[in-house]
Structures are given as C-alpha cells and as structure tokens.
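Residue numbers 561 to 866, in our numbering, belong to the letters of the sequence shown in order.
Ideal placement from N, C-alpha and C gives every residue a C-beta, glycine not left out.
The next block holds one structure in the form of structure tokens; read it before the comments.
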Amino acid sequence: MSLARKSVRGFAVLSSVTFLAACGGGGGGDGGGSGGPDLTLDNDNLAGQTVEVAPESDVRGILGLYDDIDYGLALIVDVQERLATQSGGVSGTTECDDGGTATVTYAGTGENSDETWTLLGCAVSTSEFGIVTLNGDYRYVDTLTDTSIKGFETYNINGQVQSGDGSEQLLMRGRADFDYSGTEDSARFIDTISVFELKIGERYVAITEGETRLIFNGSEAEYSTKGKLIGSAIGGYIQLTTPVVVEFVEGQECPIAGVIRVASNGTAEIRFGSSAGGTGVVAIWIDNQLVESYNNCSEIGIVPAL
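Structure, rendered in structure tokens:
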C-alpha cells in the first residue's frame, strides 16, 4: 500500500473533533501560508485563509476534505497495483493496458528497495475510477535492518481521470517519509510529510509539515500528530497538533490522557482522561470553553482503542 496513504490516514483520528466542533466556511487570510513550504498547486492561496472553528460550524466542509484525500490516494493505490503486476519485478519499459508506457527501474540491493516509475501517457483501467492516464515520475525507496524499515516515496504526477461523468485533470506532487522500528516488546511508527499536494478537477487538498507518531511499549501506547491541512472543501486551512500526547492503555476504551487540537479561526480541542480536568472521560472545548463532555469514547465513536 502507498505509504503516503498511510501517512495521510494518520490524521483521521482527528475526525472525532470535526464531528463535534467542525470547521466551516472560509475566513480572512492571516498569513498562514506565507512562511510554509512552497505550494505550487494552491492557485487560490487556500494556505493563507483561515476557516471558522466553532460549535455551530458546518461539518460538511471538513468531511469533504477527508473525502478528497481518500479519493485521490485510493486512485493512486489502484493504479500502482495495476502497474506492479505488469512489470513482474524486472527493470524495463512495458506497454500500459490502455495505451502509453511505464518504464521501471529497480535499483535496490538485497532486501532494500529503490524503484522508479516513469509514466508516459500510461493509461490503465482501474476497478473504481475508470480509465486513468498518467505522466510523470514516482519513486519508492526503503532500507531494512533486523529491527527497522525506513524510507520515502516521491510523487510528481499529472494526468486525466476518465469516467462516465467525463474527465478530470489530476495533479499530484510531494514526498512522504516513514521510519518504523520494533522489538518483541516495543514498536515505533513515524510518518512525515513535508509537502503533499493533490488536485483533481476543481478539488484541491494539501498537507504540509505533517508528522504522526505511534509508539508502543508493552501494554501502553502514545499517539501524537501535527500538520497543516489545506483544501478547497473548507476554503482554507486547519492546523492540527497534540499539545499533550495521547496515551492509551490496553483494555481501556478511551485514552487515559492527551489533547488533540484543531486551530484556524478559533480553536477546538478534544481532551482525554486526566487532561480533561475532571470534566469527563472525554471532553470537547472550543476557544477554552467546555461545550460537551462524555463518560466514554463510544459516545463519539471514532477514537480507536489500543
């Protein structure tokens, strides 16, 4: 599976906040896009536009943002799977099923991988997205040891998605890094994205300066995340952080501590366990004001147990 897809999904736990505190329409620019990484596909300067974070905000925009991420990356995974079966693990140029070519170079040694795909009008029939035609480059690199795997993926892709409703332009660029290690009793998973942009038709989504960490130690685990999510679905950006690391204990439905924060024009937090300050097992705060509290995580339905 695409590691970028895994990295992006690392932010999905924040859906808990968006269902309850959500983010709605665009707000005024605050320079949020001026000091960050270069976004070459952000023609409307969405990275500089705040969005409202408030109890009465419309959830549809933020849910649409996640839908756009899922749609675009699921499409790329589908194409990758089709192309991988064609190459047979051998370097060279192959004809794509529906026209064009895919040139693959396998340069890894031993168990280490280093593969580069150069696509030239490569058209393939996907199971969910119709015929997809792609140009550009994709690279995957990893290094393995007895206890770890680390590496990266890079994307510089353009093309067309052809379906029954017509065709849409596809643009994708960026890099996703991963660093996974573990022993019999512990494990560490770190995914980072400096810049990742995806544009399909009029839909645009990006992640900058993103990182998710999941660390297991016996029966306990810690989760943290940060990053800026930008998208046409919300008309701007939200900043994601965990100012207090989220702590899990095996057998407990809810985290025993931790804070997940969404910030833009306003701030929403989901606070767990001891970090909820006695207001409940899990509590939602908007601009430092308590708005909802719950006695268990099943009432919000999203946050996973260890």
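Straight-line CA distance for residue i to residue j?
{"i": "Val841", "j": "Glu859", "result": "11 angstroms"}
{"i": "Glu612", "j": "Val664", "result": "45 angstroms"}
{"i": "Gly761", "j": "Glu728", "result": "5 angstroms"}
{"i": "Thr610", "j": "Ile798", "result": "7 angstroms"}
{"i": "Gly837", "j": "Phe776", "result": "25 angstroms"}
{"i": "Asn855", "j": "Lys786", "result": "27 angstroms"}
{"i": "Cys857", "j": "Phe712", "result": "34 angstroms"}
{"i": "Ser746", "j": "Gly778", "result": "6 angstroms"}
{"i": "Glu868", "j": "Gly660", "result": "Past the edges of the chain, shown from 561 to 866, lies residue 868, and the structure says nothing about it."}
{"i": "Ala793", "j": "Asp602", "result": "13 angstroms"}
{"i": "Glu852", "j": "Val819", "result": "15 angstroms"}
{"i": "Thr743", "j": "Phe749", "result": "12 angstroms"}
{"i": "Thr654", "j": "Ala662", "result": "5 angstroms"}
{"i": "Leu704", "j": "Asp737", "result": "14 angstroms"}
{"i": "Ala766", "j": "Thr827", "result": "20 angstroms"}
{"i": "Asn716", "j": "Ala817", "result": "40 angstroms"}
Who are residue i's beta bridge partners in DSSP?
{"i": "Tyr854", "result": "Val842"}
{"i": "Glu757", "result": "Arg733 and Ala766"}
{"i": "Asp739", "result": "Lys710 and Ile750"}
{"i": "Glu535", "result": "Residue 535 is absent from the structure shown; the chain starts at 561 and stops at 866."}
{"i": "Gly624", "result": "DSSP output for Gly624 lists no bridge partner at all."}
DSSP on residue i, reduced to helix/strand/coil?
{"i": "Val650", "result": "coil"}
{"i": "Gly608", "result": "helix"}
{"i": "Ile816", "result": "coil"}
{"i": "Leu789", "result": "strand"}
{"i": "Ser779", "result": "coil"}
{"i": "Glu859", "result": "helix"}
{"i": "Ile830", "result": "strand"}
Please classify residue i as buried or exposed, where buried requires at least 16 neighbouring CB atoms within 10 angstroms.
{"i": "Val650", "result": "exposed"}
{"i": "Leu679", "result": "buried"}
{"i": "Asp725", "result": "exposed"}
{"i": "Asn848", "result": "exposed"}
{"i": "Ile846", "result": "buried"}
Under 8 angstroms between C-beta atoms, does residue i make it to chain D?
{"i": "Thr661", "result": "Within the model displayed, chain D is absent; a lone protein chain is all it includes."}
Sequence ranges, beta strand (DSSP E) only - wholly within the segment 669-717, length at least 3: 673-686 and 690-704
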